[in-house]
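Only one structure is covered here, and it is reproduced in the block below.
Numbering (my numbering), first residue to last: 1 to 102.
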């Protein structure tokens, strides 16, 4: 017996060690993103930096994601690239990092 695993939705999130999921209603489609794996890699690096409380690095990665059109909602752990919704939480980490530097 056995049986096949079936295809995927084209989202490579299963390969990346981060808790974020792409928003179900993200209407950007994969064509909008130059490199979906690169987005997942950046989200993973940002997650690791936040766990280490390295907010300067996390903020730098967040800006890079935003410049690529990717918006992160840390509260719901969702990301999207269609411009709908906002950052929703990434900025709070930046405020913490700046407060720590003062």
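Even glycine gets a Cβ: it sits at the ideal position worked out from N, Cα and C. Just so you know, these numbers come straight off a predicted model, no measurement behind them.
**Asked** Given that a residue counts as buried once 16 or more other Cβ atoms are within 10 Å of its Cβ, and exposed if not, what is residue 63?
**Response** exposed
**Message:** Taking the beta carbon of residue 35 as the centre, do at least 16 other beta carbons fall within 10 Å, making it buried, or is it exposed?
**Reply:** exposed
**Prompt:** For residue 16 versus residue 38, is the C-beta distance shorter than 8 angstroms?
**Reply:** no
**Request:** Indicate the three-state DSSP secondary structure (helix, strand or coil) for residue 52 in the structure shown.
**Result:** coil
**Item:** Helix, strand or coil at residue 38 [DSSP, three-state]
**Value:** helix
**Presumed contact (8 angstroms Cβ cut-off) between residue 28 and residue 81, rounded CB distance** = 4 angstroms
**Residue range of the unbroken beta strand (DSSP E) whose run includes residue 80** = 78-80
**Prompt:** The beta strand (DSSP E) spanning residue 71 covers which residue range?
**Reply:** 71-73
**Request:** Classify residue 19 as buried or exposed, calling it buried when 16 or more other Cβ atoms lie within 10 Å of its own Cβ.
**Result:** exposed
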